[in-house]
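Numbering (the numbering used here), first residue to last: 1 to 551. Below: the structure, in structure tokens.
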Amino acid sequence: MSEEKSLNFIEEIISQDLAAGKYASILTRFPPEPNGYLHIGHAKSICLNFGLAKRFGGATNLRFDDTNPTKEETEYVDSIKADVKWLGFDWIKECYASDYFDQLYAFALQLIEKGLAYVDDSSAEEIALQKGTPTVPGTGNAFRNRSIEENKALFEAMKAGAFEDGDKVLRAKIDLASPNMHMRDPLLYRIKKAHHHRTGDAWCIYPMYDFAHGQSDSIEHITHSVCTLEFIPHRALYDWCIEQLGIFPSHQYEFARLNMTYTIMSKRKLLQLVQEEHVQSWDDPRMPTISGMRRRGYTPESIRDFCERIGIAKRENIIDFSLLEFCVREHLNKIAQRRMVVTNPVKLVITNYDKVEEILHSENNPEDPEGGVRDVPFSNELWIERADFMEEPTKKYFRLGPDLMVRLKSAYIIKCDSFEKDAAGNVQTIHASYFPESKSGSDTSGIHVKGTLHWVSAKHAVPVVLNEYDRLFNVEDVAGAEGDFKDYINPNSLTTTNAWAEPALVNDSLDARFQFIRKGYFYQDTTSTKDKLVFNRTVTLKDAWAKEQKK
RNA sequence: UGCCUGAUGGUGUAACGGUAGCACAACUGUUUUUGGUGCAGUUUGUCUAGGUUCGAAUCCUGGUCAGGCAACCA
Numbered sequence: 001m002s003e004e005k006s007l008n009f010i011e012e013i014i015s016q017d018l019a020a021g022k023y024a025s026i027l028t029r030f031p032p033e034p035n036g037y038l039h040i041g042h043a044k045s046i047c048l049n050f051g052l053a054k055r056f057g058g059a060t061n062l063r064f065d066d067t068n069p070t071k072e073e074t075e076y077v078d079s080i081k082a083d084v085k086w087l088g089f090d091w092i093k094e095c096y097a098s099d100y101f102d103q104l105y106a107f108a109l110q111l112i113e114k115g116l117a118y119v120d121d122s123s124a125e126e127i128a129l130q131k132g133t134p135t136v137p138g139t140g141n142a143f144r145n146r147s148i149e150e151n152k153a154l155f156e157a158m159k160a161g162a163f164e165d166g167d168k169v170l171r172a173k174i175d176l177a178s179p180n181m182h183m184r185d186p187l188l189y190r191i192k193k194a195h196h197h198r199t200g201d202a203w204c205i206y207p208m209y210d211f212a213h214g215q216s217d218s219i220e221h222i223t224h225s226v227c228t229l230e231f232i233p234h235r236a237l238y239d240w241c242i243e244q245l246g247i248f249p250s251h252q253y254e255f256a257r258l259n260m261t262y263t264i265m266s267k268r269k270l271l272q273l274v275q276e277e278h279v280q281s282w283d284d285p286r287m288p289t290i291s292g293m294r295r296r297g298y299t300p301e302s303i304r305d306f307c308e309r310i311g312i313a314k315r316e317n318i319i320d321f322s323l324l325e326f327c328v329r330e331h332l333n334k335i336a337q338r339r340m341v342v343t344n345p346v347k348l349v350i351t352n353y354d355k356v357e358e359i360l361h362s363e364n365n366p367e368d369p370e371g372g373v374r375d376v377p378f379s380n381e382l383w384i385e386r387a388d389f390m391e392e393p394t395k396k397y398f399r400l401g402p403d404l405m406v407r408l409k410s411a412y413i414i415k416c417d418s419f420e421k422d423a424a425g426n427v428q429t430i431h432a433s434y435f436p437e438s439k440s441g442s443d444t445s446g447i448h449v450k451g452t453l454h455w456v457s458a459k460h461a462v463p464v465v466l467n468e469y470d471r472l473f474n475v476e477d478v479a480g481a482e483g484d485f486k487d488y489i490n491p492n493s494l495t496t497t498n499a500w501a502e503p504a505l506v507n508d509s510l511d512a513r514f515q516f517i518r519k520g521y522f523y524q525d526t527t528s529t530k531d532k533l534v535f536n537r538t539v540t541l542k543d544a545w546a547k548e549q550k551k
């Protein structure tokens, strides 16, 4: 822990609490509802909650906020656990709000007995109407004055299944004129005759968020309950419940959720993308989900680094996607194995190469002195990138063209002597001669060239499929843009191409990170097999030449 | 018309009454067998009007702007 780094406002609070002796140690929690897959916004919360505990010597619970059976599934529980683990965090306890249903029910009874809760027979519409508006106080109804005995009997009957969905609700009796809408007799329990993924059909009444979350925190003795800004108005109710029940005083603190350019962070909208098949699945590499990012090739380290860099504050924010890309490039640059892959090939024939073939050696990672080298076969017929040849080169073009010289990476310097075109006028074959004394590592040619090209020996090349991704949306602020967010979907977010790769890739591990030289960072897709290698582009390399060309 | 948050370069985030710093982005230059990486550097900022103070991004008052608050969702 560096003393240089300043504390964010939550760390500030915790260190003060600890210094004041308010707690012996801290306990945080990460409380997802298992109704979808985790996304990068959750990663921010995960890194915060687990990071806080780690930093201050505490622990973190993983708690599933499963109080709405109609939206939640075990599939989501499993994916959430896998994602948190993959990110590199361990919870001390795995908890479920549904484990507290008995206790929560008892709490509700306590409130009824204190005259602080009542059963209301009104419809949802009537209740909404009676709540008034932010500027007009709400009005009560006759149900508000039911006796404690009647409320108790009615609530017990609710639990016993005597009523149907929507017939009755349990509400707290607080203040119908409160300037805080959430204090205007909020709903505590509703009837839902639905199957719960964990409690099955044991219950037909389920607590609302406001009656489950704070109490769950309290039951677990969470010291610092950290959530996002939209829960600020709920805090008064959170505190009210804890106070009236006289239970462990957990405290809620709020920070601004993550927003990022060119993507969305709403579970509802992400679900829509999946259901309407704008993407293939929750773990589609274009999705901002943890599982999508994992499949795309992001490393947990880079995501943690990103979450560290964006900081924690209370103001709304929208983070440049390029910061995430910076983080993943920085990590991958250090660990990725370099390989050569040609995507849009054109044939290069070395006319004066009189050997059949030879094995050259190329470093696996110039950033890693221990990284070693690999064998790369070389022969007189190679594939190079079509974009690396220009019939009439411009001034700053450092690649191949008539009479121009370049180095073939880890091989020889060559000079273009001639080229052939097909009937359509496309360059088909390039003829070049090589300088035997310019061999990499033992170059005595004295020739200096500006450009170095990647290449693949044609007869040794193996076919691979590349999935190259672009941003999912074509506006920066998708959530803030007018109209339907789906109008801004980038129709070209996925490009799949066939390419030629050097043979080493066939024997590489499925989990290895690659940099295809001059192309970008790639990671094998979950569908990849030895017979059909499929790679996903995690992120491109920075491309100064592309920028230059745009000018 | 109410209540609650917040406002520092293009984007984030620090500075806790005492030199507005850091990162990303952008732009130079340099190194380089990846137009990658590395290295050096440049540009750009305290919402506004008053007040307190020797001194204000920071404290006070008014204003402006942005976001949130009424779901039998979390």
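Using N, Cα and C, we set each Cβ at its ideal position, and we do this for glycine too.
Hey, out of the options, whose CA is closest to residue i's CA?
i    : options                : result
I205 : P377, A108, A501       : A108
H454 : W383, N490, H251, F522 : W383
L258 : G425, G246, E363, T289 : T289
I359 : D99, S410, D284        : S410
N507 : L324, A128, V462       : V462
Y96  : N474, R198, S45, S250  : R198
Y100 : S438, Q215, G115, D120 : Q215
S381 : R304, R55, I447, S433  : In the sequence under discussion, the amino acid at residue 381 is Glu, which differs from the Ser named in the question. Taking only the C-alpha atoms, the option nearest E381 is S433.
R304 : W240, E12, C47         : C47
G140 : S218, V349, V119, E94  : V119
L237 : E254, S250, D210, F516 : D210
I148 : F50, K114, N498        : K114
F419 : R407, V406, G401       : G401
I13  : H431, Y253, N474       : Y253
Would you mind reading off the limits of the beta strand (DSSP E) that contains residue i?
i    : result
S362 : 357-363
C204 : Careful: C204 lies outside any beta strand (DSSP E) and carries neither H nor E.
S15  : Looking at the DSSP string, S15 is not in any beta strand (DSSP E); the run it does join, the alpha helix (DSSP H), is 9-19.
I413 : 413-421
L405 : With the sequence shown as reference, residue 405 is identified as Met, and Leu is not the correct amino acid for it. Segment 405-408, the beta strand (DSSP E) holding M405.
L533 : 533-540
I430 : 427-434
F522 : 520-524
Y253 : 251-255
T496 : 494-501
R374 : 373-379
R29  : 27-30
F248 : Careful: F248 lies outside any beta strand (DSSP E) and carries neither H nor E.
A59  : 59-64
Using a 10 Å radius around the Cβ and a threshold of 16 neighbouring Cβ atoms, would you call residue i buried or exposed?
i    : result
I92  : exposed
T223 : buried
K550 : exposed
E3   : The predicted model places E3 with a pLDDT of 44, which falls under 50 and marks its position as unreliable; any figure quoted below should be read in that light. The residue is exposed, with fewer than 16 neighbouring Cβ atoms inside 10 Å.
R315 : exposed
T527 : exposed
L38  : buried
H448 : exposed
V84  : buried
G451 : exposed
M1   : Model confidence at M1 stands at a pLDDT of 35, short of 50, so the residue's coordinates are unreliable; what they give is reported in the following sentence. That one is exposed.
P34  : buried
E391 : exposed
Assuming residue i is part of the alpha helix (DSSP H), what are its boundary residues?
i    : result
I46  : 40-55
Q244 : 235-245
Q515 : Careful: Q515 lies outside any alpha helix (DSSP H), inside the beta strand (DSSP E) at 513-516.
Q280 : Where Q280 is concerned, there is no enclosing alpha helix (DSSP H), given that its DSSP letter is neither H nor E.
V274 : 267-275
E548 : 544-550
Using only the heavy atoms of the ligand COA, determine whether one of them is closer than 6 Å to the beta carbon of residue i.
i    : result
E254 : The ligand COA is absent from the structure shown, which contains no ligand whatsoever.
(Q) Check whether the stretch 260-278 and the stretch 336-351 touch, using three or more Cβ-Cβ pairs below 8 Å as the test. (A) no
Q) Do the stretch 164-184 and the stretch 56-64 touch if we need at least three Cβ pairs shorter than 8 Å? A) With a cut-off of 8 Å, the stretch 56-64 and the stretch 164-184 do not count as touching, because too few Cβ pairs lie within range.
Q. Taking the runs of the alpha helix (DSSP H) that are 4 residues or longer, which of them lie wholly in the stretch 293-360?
A. Here the runs fully enclosed are 300-310, 321-335.
Q: Count the C-beta pairs between the stretch 289-304 and the stretch 529-541 that are closer than 8 Å, then say yes if the count reaches three, no if not.
A: yes
Q.
Ignoring anything shorter than 3 residues, give me the beta strand (DSSP E) runs that lie fully in the stretch 453-487, in order along the chain.
A. If we require 3 residues or more, the beta strand (DSSP E) runs fully inside the stretch 453-487 come out as 462-469.
**Q.** Complete alpha helix (DSSP H) runs within the stretch 78-146 (minimum length 4 residues, chain order)
**A.** 101-113, 124-130
Q) Which whole runs of the beta strand (DSSP E) in the stretch 161-218 are 3 residues long or more, in chain order? A) 169-172, 187-191, 205-207
Q: Could you tell me whether the stretch 319-330 touches the stretch 360-378, using the rule of 3 or more Cβ pairs below 8 Å?
A: no
Q) With contact counted as at least three CB pairs below 8 Å, one residue from each stretch, are the stretch 383-402 and the stretch 462-478 in contact? A) no
Q. When the Cβ atoms of the stretch 252-270 are set against those of the stretch 476-493, are three or more pairs found closer than 8 Å?
A. yes
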